[in-house]
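A.B. asks: Let me give you the structure first, and then I'll get to my questions.
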Ligand SMILES: [Zn+2]
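In the numbering used here, the protein residues as written are 5 to 286.
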């Protein structure tokens, strides 16, 4: 009896040990699984959020596409791809002249008269200027150039005259000099010195102010100048970019390709250069 009892006790003890081993095994397994999960979550902290965000992005894209609206990136990429990049020999057409970009000292292009009053223009663009004026006249209009190429001497004289005029109002030379820069381009910063710009007015209305835009001549020029390679250089709404007031009389030759691009995209020459530089950097 005692043997049988001992055996039973051993069996119970054995079972208990087995059960204890099983519990320990399960606990260990749970700890291992816990550790693995913990490590995974430490190594991939944003994994669930990323997946969620991706899902949201996809659904957004789908929504946008289903509404027939293009995503923002695509037109910008297309626009950049379309920017006309002129070969070196044509780079003179897009030369940027403003307060931050001075003409090379002493720059004088080959010049040619473009009308019967002897106004001079860059010889390489003279034919296009003559064609534009001629076609406007064929339409029964009377455009006339009132300023085109200006030499360094002329621009300097204009500037100095303006400084004197400002001094006469009681300003110091320094103050007058600063004020003059807001009225007359400092020598080297005027597009007129490039030979690629002209002020064109209606013969019947020669005022250089906003009213010029109302003339039939300006209406025709603004609508058609791009066909001849010209743009209205200081358009309305771009004053912050050009830093020049709206001038519905100042036309600038940039060549037909760039003129069409700027017109189609409502860009001024500064913006063309910004886009070009952004594309070349990317
Ligand atoms: Zn001008």
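Ideal Cβ placement from N, Cα and C applies to all residues, glycine included. From a predicted model like this one, the values you see are computed outputs, not experimental measurements.
Check whether the Cβ of residue 155 sits closer than 7 Å to any heavy atom of ligand 1, and report yes or no.
C.D. replies: no
A.B. asks: Residue range of the alpha helix (DSSP H) that residue 141 falls in?
C.D. replies: 130 to 142
A.B. asks: Using 8 Å for Cβ pairs, my map puts residue 104 next to residue 257. What's the rounded Cβ distance?
C.D. replies: The Cβ separation is near 21 Å, so there is no contact.
A.B. asks: Where the beta carbon is closer than 6 Å to any heavy atom of ligand 1, which residues qualify, in chain order?
C.D. replies: 151, 196, 201, 203 and 254
A.B. asks: Is there a C-beta anywhere in chain C that falls below 8 Å from the one on residue 109?
C.D. replies: Absence of chain C from the displayed structure is noted, only one protein chain being present.
A.B. asks: Please name the residue, chosen from 186, 194 and 142, that lies closest to residue 160 on a Cα-to-Cα basis.
C.D. replies: Sorting 186, 194 and 142 by C-alpha distance to the C-alpha of residue 160 places 194 at the top.
A.B. asks: By Cβ distance below 8 Å, which residues in the same chain neighbour residue 114 in space, the five residues on each side in sequence not counted?
C.D. replies: Correct list, in chain order: 126, 127 and 128.
A.B. asks: Scan the stretch 185 to 268 and note each continuous alpha helix (DSSP H) run of 4 residues or more that stays entirely inside, going in chain order.
C.D. replies: 220 to 228, 243 to 246 and 260 to 268
A.B. asks: Rounded to whole angstroms, what's the CA-CA distance from residue 277 to residue 100? Just pull it up for me.
C.D. replies: Between residue 277 and residue 100, the C-alpha separation is close to 8 Å.
A.B. asks: What distance in whole Å lies between the Cβ atoms of residue 184 and residue 163, which are believed to be in contact at a cut-off of 8 Å?
C.D. replies: 6 Å
A.B. asks: On the premise that residue 107 lies in contact with residue 192, defined as a C-beta separation below 8 Å, what is that separation, rounded to the nearest angstrom?
C.D. replies: 5 Å
A.B. asks: Among the candidates 190, 152 and 120, whose CA atom is the shortest distance from the CA of residue 165?
C.D. replies: 190
A.B. asks: Between which two residues does the beta strand (DSSP E) harbouring residue 175 extend?
C.D. replies: No beta strand (DSSP E) contains residue 175, which DSSP labels as neither H nor E.
A.B. asks: What residue does the beta strand (DSSP E) around residue 292 start on, and which one ends it?
C.D. replies: No statement about residue 292 is possible, as the shown extent of the chain runs from 5 to 286 and does not include it.
A.B. asks: In this structure, does DSSP put residue 124 in helix, strand or coil?
C.D. replies: Under the three-state reduction of DSSP, residue 124 is assigned to strand.
A.B. asks: Counting only the same chain and skipping the five closest in sequence on each side, list residues whose C-beta sits under 8 Å from that of residue 90.
C.D. replies: 97, 98, 259, 261 and 262
A.B. asks: Using the Cα positions of residue 151 and residue 86, report the straight-line distance between them to the nearest angstrom.
C.D. replies: The alpha-carbon atoms of residue 151 and residue 86 are separated by roughly 33 Å.
A.B. asks: Starting from residue 108, trace the alpha helix (DSSP H) both ways and give me its first and last residue.
C.D. replies: From DSSP, residue 108 is part of no alpha helix (DSSP H); its letter is neither H nor E.
A.B. asks: Check for me: the beta strand (DSSP E) holding residue 147 runs from which residue to which?
C.D. replies: 147 to 151
A.B. asks: Tell me, please, whether the stretch 267 to 275 touches the stretch 225 to 242 by the rule of three or more beta-carbon pairs shorter than 8 Å.
C.D. replies: Counting Cβ pairs under 8 Å, three or more are found: they touch.
A.B. asks: Candidates 143, 254 and 198: which alpha carbon is nearest residue 154's?
C.D. replies: 198
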